[in-house]
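Colleague:
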Amino acid sequence: MVEVLSNPASTRKLYIESYGCAMNFSDSEIIASIMSEHGFSTTNEELEADVIFLNTCAIRDNAEQRIRDRLKHLRSNKKQNSDLIIGVLGCMAERLKDKLLEEEKLVDVVAGPDSYRELPKLVAEVDDGGRAINVLLSREETYGDLNPVRLNSNGVTAFISIMRGCDNMCSFCVVPFTRGRERSRDPESIVKEAKELQTAGYKEIILLGQNVDSYLWFGGGPKKEFKTLTAEEQETSVDFADLLELCALAVPNMRIRYSTSHPRDINEKVVHVMAKYINICKYIHLPAQSGNSRVLEIMNRNYTREWYMDKINMIRSIIPNCGISCDIIAGFCTETEEEHQDTLSLIEWAEFEFSYMYKYSERPGTPAAKKLTDDIPEAVKGRRLQEIIDLQNAVSKRKHEALIGQTVTVLIEGASKKSKDDWMGRNDQNNVTVFPCEHYQKGDLVEVLVERATVTTLIGKAIGKVS
Ligand code: SAH
Ligand code: SF4
Ligand code: F3S
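Take 8 as the starting number for the sequence shown in the working numbering and just add one per residue.
1. Does the ligand F3S have even one heavy atom less than 6 angstroms from the beta-carbon of isoleucine 37?
2. Do three or more CB pairs link the region 317-334 to the region 32-41 at distances below 8 angstroms?
3. Please classify tryptophan 224 as buried or exposed, where buried requires at least 16 other C-beta atoms within 10 Å of its C-beta.
4. Between the region 223-243 and the region 268-288, can you find at least three pairs of beta-carbon atoms closer than 8 angstroms?
5. Could you name the residues of the same chain whose beta carbon sits closer than 8 angstroms to that of threonine 373, not counting the 5 residues immediately before and after it, in chain order?
6. Counting only runs of 4+ residues fully inside the region 123-211, write out the alpha helix (DSSP H) ranges in chain order.
7. With distances taken from CA atoms, which of Gly432, Thr235, Met306 is nearest threonine 380?
8. Quick one: any contact between the region 41-48 and the region 83-95, if contact means 3 or more CB pairs under 8 angstroms?
9. Determine the DSSP secondary structure at methionine 8, reduced to helix, strand or coil.
10. In this structure, how does DSSP classify asparagine 31 when only helix, strand and coil are distinguished?
11. Who are valine 7's beta bridge partners in DSSP?
12. For the ligand SF4, any of its heavy atoms closer than 6 angstroms to the Cβ of valine 219?
13. Could you tell me the alpha carbon to alpha carbon distance between phenylalanine 445 and lysine 424, rounded to whole angstroms?
14. Return the first residue and the last residue of the beta strand (DSSP E) that cysteine 333 is part of.
15. What three-state label does DSSP hand lysine 20 in the structure shown?
16. Using DSSP with H/G/I as helix, E/B as strand and the rest coil, what is leucine 303?
17. So the alpha helix (DSSP H) methionine 99 belongs to, where does it begin and stop?
18. Which residue marks the beginning of the alpha helix (DSSP H) containing leucine 392, and which one marks its end?
19. At a threshold of 6 angstroms, does cysteine 333 count as lining the ligand SF4 (C-beta to nearest heavy atom)?
20. By the 10 Å Cβ neighbour count, where 16 or more other Cβ atoms means buried, how is aspartate 328 classified, buried or exposed?
21. Take every Cβ of the region 111-119, pair it with every Cβ of the region 127-145, and state whether three or more of those distances are shorter than 8 angstroms.
22. For the pair the region 316-326 and the region 379-395, tell me if three or more CB-CB distances fall below 8 angstroms.
23. Can you name the residues that DSSP bridges to serine 266?
24. Classify threonine 416 as helix, strand or coil using the three-state DSSP reduction.
25. Would you say valine 478 and glycine 467 are within 7 angstroms of each other, going by their C-beta atoms?
26. Compute the minimum distance between the beta carbon of phenylalanine 179 and the heavy atoms of the ligand SAH, and state whether it is under 6 angstroms.
27. As an exercise, report each continuous beta strand (DSSP E) stretch of at least 3 residues that is fully enclosed by the region 64-115, in chain order.
28. With a 10 Å radius around its C-beta and 16 neighbouring C-beta atoms as the bar for buried, classify asparagine 51 as buried or exposed.
29. If you follow the beta strand (DSSP E) that phenylalanine 247 is in, where does it begin and where does it stop?
30. Could you please give me the residues that DSSP links to serine 423 through a beta bridge?
31. For a test of the three-state rule: what should DSSP assign to alanine 295, helix, strand or coil?
32. Can you find the residues in the same chain that come closer than 7 angstroms, C-beta to C-beta, to serine 40, ignoring five residues on each side of it along the sequence?
33. By how many angstroms is the C-alpha of glycine 151 removed from the C-alpha of glycine 137?
34. Leaving out five residues before and five after isoleucine 354 in sequence, what residues of the same chain have Cβ atoms less than 8 angstroms from its Cβ?
35. Which residues in the same chain have their Cβ closer than 7 angstroms to the Cβ of arginine 102, if we skip the five residues on either side of it in sequence?
36. Grab the span of the beta strand (DSSP E) containing glutamate 454 for me, first residue to last.
As structure tokens, then:
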């Protein structure tokens with residue numbers, strides 16, 4: 008047994024680098040919280056760190072390649088400071104497990120997404136001269152009781168994890184293997200965290216889960232379907248629409264966003280709650296992955312092209328100006344040119360605000376890797392991806408240009424990347440908007456008159472604060 012010393016006075020410095028999706032960035036805040044209880048304070052200077060954690064992503068091969076390159080660079084840090092402890096955390100750690108210790112001699116700690124409470128113990132084992140690993144996945148862990156330490160925050164927007172894991176088994180996806188079974192977090196702890204953020208001056212929360220529409224609280228533990236709950240559990244259960252409403256009422260002065268929705272599960276109840284509350288942003292990230300029903304079937308997405316289109320029609324019939332964005336995979340196994348054309352026509356039809364677009368990358372151990380052949384040549388994948396990107400860019404530009412002359416409501420997040428004289432924020436539909444700072448302040452909600460538009464950005468002038 009290793010004794011863990013909890014001595015906040017002995018501040019060792021922890022540097023955390025996060026990769027991948029918002030859930031990973033949110034996890035890093037939980038990691039910082041756990042470590043701070045054991046005498047570690049976070050630093051933004053990697054050279055002064057005693058411990059460096061890379062919180063990694065495994066979604067595509069290039070995500071893992073980036074980590075391997077990063078580890079190569081960290082060799083020189085270790086040369087300068089032989090006591091430096093290097094940990095690989097998150098999804099790549101979970102996927103590779105002890106192989107990572109074998110392959111990367113530099114790495115001292117390997118920890119999967121459900122073992123972060125053990126991190127102080129793992130670091131203590133390394134202090135004692137060993138190397139340490141914990142990649143056990145849990146069916147209950149939600150870290151719901153912890154107070155995340157907000158890292159690199161703009162002080163305006165904060166993530167709140169509402170669930171963990173995923174039970175969906177989309178055939179291309181590694182997430183069910185790296186994050187384990189789906190489980191929802193106690194709504195009381197979510198609302199408490201939202202209220203604390205409001206008190207701390209934050210203006211916006213983003214509720215996070217891999218499939219928020221299947222959020223269901225019935226007392227804790229692995230996911231269950233509503234219909235399998237007892238009558239009493241059904242009575243007291245909280246689904247995603249209920250949770251959204253609880254949050255909208257608990258923090259009426261904060262904006263609320265969420266991600267990610269699943270086309271199979273999003274329902275009218277959720278969209279009606281969005282329509283009812285002015286502080287819930289009118290924006291839905293609804294990944295289609297493909298516009299062709301055969302491809303969707305072998306992706307195991309559990310919906311067809313027509314089902315997806317019906318969901319978009321449903322959303323727009325309730326919230327006509329709802330912003331909708333998408334994820335697309337180009338060149339999935341056996342995809343034909345005609346099937347690729349179906350993806351293009353879906354983008355044109357759906358008029359997504361924007362999309363995240365990727366080439367298919369086979370992940371070892373996934374159902375697609377086991378049962379299907381990754382048979383689309385790299386050059387064809389690349390060309391299809393480029394066609395998707397070009398079309399989405401044209402759609403985004405057209406949608407943005409349609410807003411010229413209109414006013415949009417923008418929450419100021421911070422300085423624009425290009426000029427410190429301009430603010431950057433997002434409107435309700437999640438369109439990035441830039442305008443001269445004038446006397447406005449970070450965190451203000453302002454009306455902006457849109458004067459120009461690019462593929463990615465609305466550019467305008469503030470005309471007043473929303474009171
Ligand atoms: N839970 C979310 C997505 C999480 S992963 C959902 O269901 O939509 C984020 C995105 O990465 C996915 O939407 C998908 O477009 C992409 N992705 C996942 N696995 C991939 C793979 N093997 N190759 C390429 N892109 C992938
Ligand atoms: Fe992956 Fe599908 Fe789960 Fe999203 S819903 S995380 S794509 S398995
Ligand atoms: Fe990557 Fe894990 Fe998120 S694989 S996308 S960091 S859930």
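Where a beta carbon is used, it is the ideal one built from N, C-alpha and C, also for glycine.
A quick note: this is a predicted structure, and the numbers were derived from the prediction, not measured.
Modeller: With the structure as the only source:
1. By one-based count along the sequence shown, residue 37 stands at place 30. For isoleucine 37, the shortest separation between its Cβ and any heavy atom of the ligand F3S does not lie below 6 angstroms.
2. No contact exists between the region 317-334 and the region 32-41.
3. The residue you call residue 224 lines up with position 217 of the sequence shown. A residue is called buried when at least 16 other Cβ atoms come within 10 angstroms of its Cβ; tryptophan 224 meets this threshold and is buried.
4. Pairwise C-beta distances place the region 268-288 out of contact with the region 223-243, as fewer than three of them are shorter than 8 angstroms.
5. Taking the sequence shown and counting its residues from 1, one reaches residue 373 at position 366. Excluding five sequence positions before and after threonine 373, the CB atoms of its chain that fall closer than 8 angstroms to its own CB belong to Ser178, Phe179, Cys180, Val181, Phe184, given in chain order.
6. DSSP runs (the alpha helix (DSSP H)) wholly in the region 123-211: 126-134, 182-186, 194-206.
7. As a working mapping, residue 380 is identified with position 373 in the sequence shown. Across the set Gly432, Thr235, Met306, the C-alpha of Met306 shows the shortest separation from the C-alpha of threonine 380.
8. No contact exists between the region 41-48 and the region 83-95.
9. As a first step, residue 8 is located in the sequence shown; it is residue number 1 there, counting from the start. Low confidence applies here, because methionine 8 scores a pLDDT of 43, under 50, leaving its location unreliable and the question unanswered by this model.
10. Within the sequence shown, residue 31 is the residue found at index 24, counting from 1. DSSP places asparagine 31 within a helical segment (H, G or I) once states are collapsed to three.
11. With the chain running from 8 to 474 in the structure shown, residue 7 is simply not present.
12. To locate residue 219, count along the sequence shown from 1; it is residue 212. Not one heavy atom of the ligand SF4 is found less than 6 angstroms from the C-beta of valine 219.
13. Mapped onto the sequence shown, residue 445 falls at position 438. Mapped onto the sequence shown, residue 424 falls at position 417. For clarity, residue 445 is glutamate in the given sequence; the question names phenylalanine instead. So the alpha carbons of these two residues sit roughly 17 angstroms apart.
14. As a position in the sequence shown, residue 333 is number 326, starting the count at 1. 330-337 is the extent of the beta strand (DSSP E) around cysteine 333.
15. Against the sequence shown, residue 20 aligns to sequence position 13. Correct three-state label for lysine 20: strand.
16. As a working note, residue 303 is residue 296 in the sequence shown. Helix, per DSSP.
17. For the purposes of this step, residue 99 is taken as the residue at position 92 of the sequence shown. Unbroken alpha helix (DSSP H) run through methionine 99: 98-103.
18. Looking up residue 392 in the sequence shown gives position 385. Per DSSP, leucine 392 is one residue of the alpha helix (DSSP H) stretching across 385-408.
19. Position 326 of the sequence shown, counted from the start, is the residue given in the question as residue 333. For cysteine 333, the shortest separation between its Cβ and any heavy atom of the ligand SF4 does not lie below 6 angstroms.
20. In the sequence shown, counting from the first residue as 1, residue 328 sits at position 321. For the record, residue 328 in the displayed sequence is asparagine; it is not aspartate. So asparagine 328 ends up on the exposed side.
21. A contact between stretches requires three or more CB pairs, one per stretch, nearer than 8 angstroms, and the region 111-119 meets this requirement with the region 127-145.
22. Cβ pair count under 8 angstroms is below three, so no.
23. Translated into the one-based positions of the sequence shown, residue 266 becomes position 259. DSSP lists Leu215 as the bridge partner or partners of serine 266.
24. As a first step, residue 416 must be located in the sequence shown, where it is residue number 409. Strand.
25. Here the chain comprises residues numbered 8 to 474, so residue 478 is not present and cannot be evaluated.
26. Looking up residue 179 in the sequence shown gives position 172. Within the cutoff, so yes.
27. With a minimum length of 3 residues, the continuous beta strand (DSSP E) runs that stay inside the region 64-115 are 92-97.
28. Within the sequence shown, residue 51 is the residue found at index 44, counting from 1. By the Cβ neighbour-count rule, asparagine 51 is exposed, with fewer than 16 other Cβ atoms within 10 Å of its own.
29. As a first step, residue 247 is located in the sequence shown; it is residue number 240 there, counting from the start. Per DSSP, phenylalanine 247 belongs to no beta strand (DSSP E); it is in the alpha helix (DSSP H), 247-257.
30. On the sequence shown, position 416 is the one that residue 423 refers to. None; serine 423 has no bridge partner.
31. Taking the first residue of the sequence shown as 1, we reach residue 295 at position 288. Coil at alanine 295, not helix or strand.
32. What you label residue 40 is simply residue 33 of the sequence shown in a count that begins at 1. So the qualifying residues of the chain are Leu153, Asn154, Pro155, Val156.
33. For the purposes of this step, residue 137 is identified with residue 130 of the sequence shown, where counting begins at 1. For the purposes of this step, residue 151 is identified with residue 144 of the sequence shown, where counting begins at 1. C-alpha of glycine 137 to C-alpha of glycine 151: approximately 31 angstroms in a straight line.
34. The residue given as residue 354 occupies position 347 in the sequence shown. Annotation for isoleucine 354: Gly298, Cys333, Ile335, Ser362, Ile395, Leu398, Gln399, Val402 place their beta carbon closer than 8 angstroms to its own, counting only its chain and skipping 5 residues before and after.
35. On the sequence shown, position 95 is the one that residue 102 refers to. The residues are Ala65, Val181, Phe184, Thr185.
36. Reading the sequence shown from its first residue, position 447 is the one you call residue 454. Unbroken beta strand (DSSP E) run through glutamate 454: 452-460.
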